[in-house]
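Quick mapping for you: the protein sequence lines, in order, are chains A and B. Heads up: the first sequence at position 84 corresponds to 1113 in my numbering, and the numbers run straight through without jumps. Heads up: the second sequence at position 73 corresponds to 81 in my numbering, and the numbers run straight through without jumps. Quick reminder that beta carbons are idealized off the backbone N, C-alpha and C, glycines included.
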Amino acid sequence: MSLTAPRPDSGSPALRVEGVGHSFGRFQALKNVSFAVPRGAFAALLGANGAGKTTLFSVITRLYDSRSGLIEAAGHDLRRQSGEALARMGVVFQSRALDLDLTLRQNLTYHAALHGISGRRARARIEEVAAMVGLEEKMEARAAALSGGQQRRAEIGRALLHKPELLLLDEAAAGLDVRARAEVLALVRGLIAREGVSTLWATHNFDEIEPEDRVILLHKGEVLAQGRAAELAGDQTLTEAFLALTGGAS
Amino acid sequence: MRPGWFAAFRGILWREGLRFLRQKGRFLAALVRPLVWLFIFAAGFRSVLGLSIIPPYQTYVLYDTYVAPGLCAMILLFSGMQSSLSMVYDRETGAMRTLLVSPYPRWFLLGSKLAASVMVSCLQVYAFLFIAWLWRVEPPLWGYVAVLPALILSGLMLGALGLFISSTIRQLENFAGVMNFVIFPMFFASSALYPLWRIRESSPLLHLICQWNPFTHAVELIRFALYCRFDLKSFLAVAGCAMAFFALTVVMYDPARGLWRKRGA
């Protein structure tokens, strides 16, 4: 098995979301959400707490099923070709999800298996990924013994094991101290530069966004604006522009 | 078809085995429970509960011998519920999401998880049978081989029930209800501790409930298999319930259907 299958259409964006909605009972958490993440780009999904970022991540990763709209990962329709679409995504969820009883190597081995990678190929890829996220020295440590920042890096490494084309990170820097946050962000930006992985980075922190980043501004389940951060901000700071657009949400 | 299915299956089995080895308390707890019943409860009842010759036994048996297959099924029952508990825990900690974003279909992932839990519980049953043998509960030697398919099938049924229950439970705290409303009624309203004819004598209604209890059929399937005999009725009941429970689980964990649609991981 090759870790990444041939792309059906290399011209398609890494992620395409069109007209997606989702509701919990009567509460509509997502309303007609549309955006795209171009290949090799870093896109920030910016929104206050409760804006619908995590729900959107759950819909994109098919934890929730969206009955309206279209989601494509690297040209694969999530509903009709869910296996192909999911194989192209690496996901880091908001809540940490390492098995704390197992060592880092065991965690990575398990995750590789969940993507059909085993044996020598898995071992080689695990070493590669450990070097990428700077955790070679911690491979035999139990996940519970890793610091918050190291656990996050481990989760990013885990998400990269199957060489995804699209990396989805839901508030990956949340709960980390300033230094660990900067390290995680630098790691992800470095991966984009080196590996060409497209990234959707959900956050509510404006200081994680660079002027050239693509921003999708989500508010109360709706995309209010999208474009380059510098363009959205105009003469103001991004924070001021965000507050003006959302009527003061924080 | 996506390659690597076997690698994914083996990975899920490996992780469950690893967790089991790391959680030695879980193994001991699973073993101590039936042993307490065998050493204390059965010893006490041996003198008061008379058993006539009933299939698959060809002679009078001591109560310890009668109760042993029921205790094997008890291990499978608790193990099935334990895996249900760990599914709820995984959902609360977020580990479940990691499993469910794998590119393989959910029925396959859930089936692999189920197989992994059955593998672990079968090891527990054999450990129990070994100790029971030292206690002079001695089925025929071939019975230890013949019982394996019965253990696997019963384990699949009870594990699938556990998975189904896990899909309906919102929080770990709600799990106490499973003990009261599922485990205890299933265990006590069955042929695990007393033969059905005894129950019929005291309460025809309870006898009827026991007959419809899938756990009774798991116990009887194991009991007959342990004595190298095949009970078709129990086999059909256990196989049918296993398929039904698993189908319900798959529906409940389907992102487009079931409670999962409303709640997610």
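Residues of the stretch 1176 to 1188 of chain A with a CB closer than 7 Å to any CB of chain B: list them in chain order, please.
-> Of all residues in the stretch 1176 to 1188 of chain A, none has a Cβ within less than 7 Å of some Cβ in chain B.
What first and last residue would you give for the beta strand (DSSP E) that runs through B/Trp115?
-> Membership of B/Trp115 in any beta strand (DSSP E) is not indicated; the residue belongs instead to the alpha helix (DSSP H) covering Arg114 to Leu142.
Alpha carbon to alpha carbon, how far is B/Ile48 from B/Leu70?
-> Rounded to whole angstroms, B/Ile48 to B/Leu70 spans 14 Å at the Cα level.
Do three or more CB pairs link the stretch 1245 to 1252 of chain A to the stretch 1073 to 1093 of chain A at distances below 8 Å?
-> Cβ pair count under 8 Å is three or more, so yes.
Can you give, in chain order, each stretch of the alpha helix (DSSP H) that sits fully within the stretch 1060 to 1115 of chain A and has at least 4 residues?
-> As far as the stretch 1060 to 1115 of chain A is concerned, its whole alpha helix (DSSP H) runs of at least 4 residues are 1082 to 1089.
Neighbour flag for B/Thr101 against chain A, beta carbons, 8 Å | Chain A places a beta carbon closer than 8 Å to that of B/Thr101, counting this residue as a contact.
Those residues which DSSP pairs with A/Asp1199 across a bridge | Looking at the DSSP assignment, A/Asp1199 forms a beta bridge with A/Ala1231.
Using 8 Å as the limit for Cβ to Cβ distance, is A/Phe1122 near chain B?
-> By this cut-off, A/Phe1122 is an interface position.
Spatial neighbours of A/Phe1064 within its chain, please: CB distance less than 7 Å, with the 5 preceding and 5 following residues excluded, ordered by chain position.
-> In chain order, Val1046, Ile1245, Val1252 and Gln1255 place their CB closer than 7 Å to the CB of A/Phe1064, counting only its own chain and leaving out the 5 sequence neighbours on each side.
What is the DSSP secondary structure of A/Val1213, reduced to helix, strand or coil?
-> Three-state result, A/Val1213: helix.
Could you check which residue in B/Pro63, B/Leu107, B/Ser125 and B/Leu108 has the C-alpha nearest to that of B/Leu234?
-> It is B/Pro63.
Any Cβ of chain A within less than 8 Å of the Cβ of B/Gly12?
-> At least one chain A Cβ lies under 8 Å of B/Gly12.
Burial state of A/Asp1199, where buried means 16 or more other Cβ atoms lie within 10 Å | So A/Asp1199 counts as buried.
Measuring CB to CB, does B/Gly151 end up less than 8 Å from B/Ser129?
-> Taking 8 Å as the cut-off, the beta carbon of B/Gly151 is found no closer than this to the beta carbon of B/Ser129.
So is B/Pro263 in contact with chain A if we call contact Cβ pairs under 8 Å?
-> A Cβ of chain A is located within less than 8 Å of the beta carbon of B/Pro263.
Sequence-distant residues of its chain with Cβ nearer than 7 Å to A/His1105 (five each side left out) = Cβ neighbours of A/His1105 beyond the five flanking positions: Pro1037, Glu1113, Ala1114 and Arg1117.
Rounded to the nearest angstrom, how far is the Cβ of A/Ala1073 from that of A/Asp1242, given a contact under 8 Å?
-> At roughly 5 Å, the Cβ-Cβ gap stays under 8 Å, so A/Ala1073 and A/Asp1242 are in contact.
Anything in chain E within Cβ reach of A/Asp1106, meaning under 7 Å, just list it in chain order.
-> Among the chains of the structure shown, chain E does not appear; the protein chains present are A and B.
Going by beta carbon distance, what residues of the same chain come within less than 7 Å of A/Gln1123, once the five residues before and after it are set aside?
-> Hits under 7 Å: Thr1083, Asp1199, Glu1200 and Ala1203.
Should B/Lys3 be labelled buried (16 or more other beta-carbon atoms within 10 Å of its own) or exposed?
-> This structure gives no information on residue 3 of chain B, because the portion of chain B shown stretches from 9 to 273.
Nearest chain B C-beta to A/Gly1112 closer than 8 Å, yes or no?
-> It does: the Cβ of A/Gly1112 has a partner Cβ on chain B nearer than 8 Å.
Compare the C-beta of B/Val109 with all C-beta atoms of chain A and state if any pair is closer than 8 Å.
-> B/Val109 counts as touching chain A.
Nearest-angstrom Cα distance between A/Asn1061 and B/Asn188?
-> Spanning the two alpha carbons is a distance of roughly 45 Å.
Since A/Val1162 is in the beta strand (DSSP E), which residue starts that stretch and which ends it?
-> Segment: none, A/Val1162 is in no beta strand (DSSP E) and carries neither H nor E.
What residues from chain B crowd round A/Gln1135, counting only those whose CB sits closer than 7 Å?
-> Residues of chain B with a Cβ closer than 7 Å to the Cβ of A/Gln1135 are, in chain order, Leu26.
Can B/Ser210 and B/Leu229 be called in contact, C-beta distance under 8 Å?
-> Taking 8 Å as the Cβ cut-off, B/Ser210 and B/Leu229 do not qualify as a contacting pair.
Mind listing which residues of the stretch 21 to 50 of chain B have their C-beta closer than 8 Å to chain A's C-betas, in chain order?
-> Result list: Trp22, Arg23, Leu26, Arg27, Arg30 and Gln31.
Got a sec, what are the start and stop residues for the alpha helix (DSSP H) A/Ser1041 sits in?
-> Here A/Ser1041 belongs to no alpha helix (DSSP H), and DSSP marks it neither H nor E.
Which residues mark the beginning and the end of the alpha helix (DSSP H) in which B/Val155 is found?
-> Per DSSP, B/Val155 belongs to the alpha helix (DSSP H) from Gly151 to Thr176.
By the 10 Å Cβ neighbour count, where 16 or more other Cβ atoms means buried, how is A/Ser1095 classified, buried or exposed?
-> A/Ser1095 is buried by the Cβ-count criterion.
Which whole-angstrom value is the C-beta distance of A/Glu1169 and A/Thr1228, which I expect to be below 8 Å?
-> With 8 Å as the limit, A/Glu1169 and A/Thr1228 do not qualify as a contact, their Cβ atoms being about 29 Å apart.
For the alpha helix (DSSP H) that contains A/Met1168, what are its first and last residues?
-> Segment: none, A/Met1168 is in no alpha helix (DSSP H) and carries neither H nor E.
From this set, B/Thr257, B/Leu131, B/Phe195 and B/Leu214, which residue's C-alpha is nearest B/Phe172's C-alpha?
-> Ranking B/Thr257, B/Leu131, B/Phe195 and B/Leu214 by Cα distance to B/Phe172 puts B/Thr257 first.
Which partner residues of A/Arg1243 appear in the DSSP bridge assignment?
-> Paired residues: A/Ala1072 and A/Arg1257.
Measure from the C-beta of B/Arg105 to each C-beta in chain A and report whether the shortest distance is under 8 Å.
-> Using a CB distance cut-off of 8 Å, B/Arg105 counts as an interface residue toward chain A.
Buried/exposed call for A/Thr1266, threshold 16 Cβ in 10 Å = Label assigned to A/Thr1266: exposed.
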